[in-house]
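Per the numbering used here, numbering through the sequence shown is continuous, rising by one, with the last residue being 467.
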Amino acid sequence: MQIARTIAEYRAHRAALLAARAVEGRPGLVGVVPTMGYLHEGHRSLMRCARADCAIVATTIFVNPTQFGPNEDFTRYPRDEARDFAICEAEGVDIVFAPRVEEMYPAGAETTVSVGRLSTVLEGAARPGHFDGVATVVTKLFSIAQADRGYFGQKDAQQLMVIRRLAEDLRIPTEVVGCPIIREPDGLALSSRNVYLSPEEREQALSLSRGLRAAEAAWQDGVRDADSLRRRVLDEIEAQPLANVDYVSLANQGTLDELRGAVGAPALLSLAVRFGATRLIDNILLTP
Ligand code: PAF
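This is the structure we're talking about:
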């Protein structure tokens, strides 16, 4: 496995690997898995998807400062580069691109990418500027990686939509692939931020997936009223004394417009809940 700190190093490794491995009959030659490190099973599943599809797999590890708000956890965001490199190696990653901030944001950089309305609702409303930071860094990573496919988790459902939109709008020739949410056996969606949870908070955080499952069960039983479905989720979470709900949303899966009255599928049921200083998100897609 090659580790690149600069764009030039990454490009050299990519070119050398492409020349060495002329693999035919695979849909994507180069796959990229963008991450902010502190890798867990969710990231590993993305690497495995990329490995199954692509001749060359690159992972990027970069804690992107511009997607954190002034009062968010950028400085204390968990980091463990040695462990991350070992995980990448074990997953058969070919190149890890782990740049310094100056490589991604050179002195004098002024250009940002903003994806419009999709970036302003839900997570965008709760975290102003967050998706501009994500869109800007992902555009740079796509441009640097020159990958045929980019792999992202469905856990960040809105992020996935924003990235699909920017790739389409900017005519970026990297296919955006969404991969399923990976959960702990007890239902908690994997996140690098789970390490912040106290044992009590973690126990109560199980209400998120329980609530989503309760709504899904109601949906399968034929409940279509948007408020009733949101209420199923809220009932589980609001019973937890340590939980502070940011939002529970049932929205059109294509536009993220909040749904009222009778719901036609598919709809995205998503939520953000705080436990102390830790903010967790989760979601489920309601399909017929
Ligand atoms: O999902 C993440 O880890 C980040 O938002 C991403 C896509 C790597 C951009 O920094």
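The beta-carbon is built from N, C-alpha and C at its ideal position, and this holds for glycine as well. Computed from a prediction, not measured in an experiment: that's the story for all the values here.
- With a threshold of 16 other beta carbon atoms within 10 Å, G433 falls short and is exposed.
- Assigned with DSSP and collapsed to three states, F321 falls in helix.
- Checking the DSSP bridge columns, you'll see Q181 partnered with I274.
- The alpha carbon of A314 has as its nearest neighbour, out of P359, L448 and A346, the alpha carbon of A346.
- The C-alpha of T214 lies about 12 Å from the C-alpha of P257.
- Taking the Cβ of M180 as the reference point, every heavy atom of ligand 1 lies at 7 Å or farther away.
- Boundaries of the beta strand (DSSP E) harbouring Y426: A422 to N431, taken from the DSSP string.
- In the assembly as shown, D327 is a buried residue. Its beta-carbon has 16 or more other beta-carbons within 10 Å.
- Taking C-beta separations shorter than 6 Å and ignoring five residues to either side along the sequence, the partners of V316 in its chain run N243, following chain order.
- Every residue with a CB closer than 6 Å to a heavy atom of ligand 1 is listed here in chain order: P213, T214, M215, N243, Q246, V313, V316, V317, D335 and Q338.
- Ranked by Cα distance from Q325, the first of L218, A336, I274 and V300 is I274.
- Listed in chain order, the alpha helix (DSSP H) runs fully inside the stretch 374–458 are 378–399 and 405–417, counting runs of at least 4 residues.
- Pairing L197 with V212 gives a Cβ-Cβ distance that is not under 8 Å.
- If you draw a 10 Å sphere on the C-beta of Q338, you find 16 or more other C-beta atoms in it, and that means buried.
- F331: member of the beta strand (DSSP E) spanning R328 to G332, first to last residue.
- Comparing C-alpha distances from P285 to each of T185, A237, G329 and P378 shows the shortest one belongs to T185.
- Burial is judged here by how many other beta carbons sit within 10 angstroms of a residue's own beta carbon; N423 has fewer than 16 and is exposed.
- T214 sits in a strand when the DSSP states are folded into three classes.
- For A237, the enclosing beta strand (DSSP E) begins and ends at C233 to I240.
- Between S386 and H222, the alpha-carbon positions lie close to 23 Å from each other.
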